[in-house]
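Residue numbers (this note's numbering): 7 to 313.
And the structure:
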């Protein structure tokens, strides 16, 4: 099976499509195009597993970008596909509206080639990690849903993703939950224990050195003994997961909501998006080094495995 990422470009202006294809020509990705939102939705609905990223124009005939985005986020399979919303509008309320609707990123016209490449690359990498997590979770035995309590500890990014997959599979909707758990567990490593700041991550992402820096700090004696602890608790009504790192904390309140001032950064929306999509409740405690999330069971006895 071809594992090359596929990008869907949706724009009713042929010139804009040509520019995007030219900028992305040497990425090695597959591309498909749609002339408006209706055609895009028909392609997405016909094969929900096909596309890894959608670059979506906001203003289009027949079906506008926000309507397509809304349908994507309501679809059980498509909701995890990163959507990059492009528009000539740059007003704060317009940006906020798009991001609250679930846009992964916002691009304004005319496009900046370097920024476009960086955003698409980041989206593709996140999509790959999500796909791997779902593939792995489908292999886990359904009886993990019978687990009532568990305690875990880990240090690395790979362990964070493995644990997110494991715990998500113990939930009724693994596809929804794995996104948020991955975000919080990775955050506990990079921002918590390893103290990589927001600005540092922005620069590292720009230079494509983020994971390299994480590995270097993990090998640093100053951080070598730091662990993230995780508690899993399940009763008849809900699953609760408590995540605690050994960092100095952060100003978590500013990340609970989508902030238009971060619309053009390559990261910084994960907590807000996880809160919106993955969990029924999210509560940070103290300085932010501990967070508890809740997934309501609504009478479910155990998770339904994806086929």
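The beta carbon of each residue, even a glycine, is placed where N, CA and C say it ideally should be.
Have a look at residue i and residue j and give me their C-alpha separation to the nearest angstrom.
i: residue 155; j: residue 301; result: 14 Å
i: residue 147; j: residue 16; result: Caution is warranted here: a pLDDT of 46 is assigned to residue 147, below 50, making its placement in the model unreliable, and the coordinate value is therefore given only provisionally. Taking the straight line joining both Cα atoms gives about 39 Å.
i: residue 136; j: residue 67; result: 32 Å
i: residue 253; j: residue 41; result: 48 Å
i: residue 90; j: residue 208; result: 18 Å
i: residue 46; j: residue 113; result: 19 Å
i: residue 110; j: residue 58; result: 12 Å
i: residue 175; j: residue 132; result: 19 Å
i: residue 276; j: residue 259; result: 13 Å
i: residue 56; j: residue 39; result: 13 Å
i: residue 153; j: residue 123; result: 43 Å
Helix, strand or coil, according to DSSP, for residue i in the structure here?
i: residue 255; result: coil
i: residue 201; result: coil
i: residue 297; result: strand
i: residue 147; result: Confidence at residue 147 is low in this model, with a pLDDT of 46, below 50, so its placement is unreliable and no value can be given for it.
i: residue 36; result: strand
i: residue 289; result: strand
i: residue 107; result: coil
So, is residue i buried or exposed, given that buried needs 16 or more other C-beta atoms within 10 angstroms?
i: residue 21; result: exposed
i: residue 186; result: buried
i: residue 106; result: exposed
i: residue 284; result: buried
i: residue 194; result: buried
i: residue 64; result: buried
i: residue 262; result: exposed
Does the ligand GDP have a heavy atom nearer than 8 Å to the CB of residue i?
i: residue 117; result: Although the ligand GDP was asked about, the structure shown includes no ligands whatsoever.
- Could you name each continuous alpha helix (DSSP H) segment of 4 residues or more that falls completely within the stretch 159-184, going from the start of the chain to the end? 163-175
- Does the stretch 178-188 come close enough to the stretch 75-88 to have 3 or more Cβ pairs within less than 8 Å? yes
- Flag this pair as touching only if the stretch 195-208 and the stretch 222-230 have three or more C-beta atom pairs under 8 Å; answer yes or no. These segments touch.
- Task: State whether the stretch 157-170 contacts the stretch 240-250, with contact taken as three or more CB pairs (one from each stretch) at a distance under 8 Å.
- Result: no
- beta strand (DSSP E) runs contained entirely in the stretch 55-102, provided each spans 3 or more residues: 59-63, 89-93
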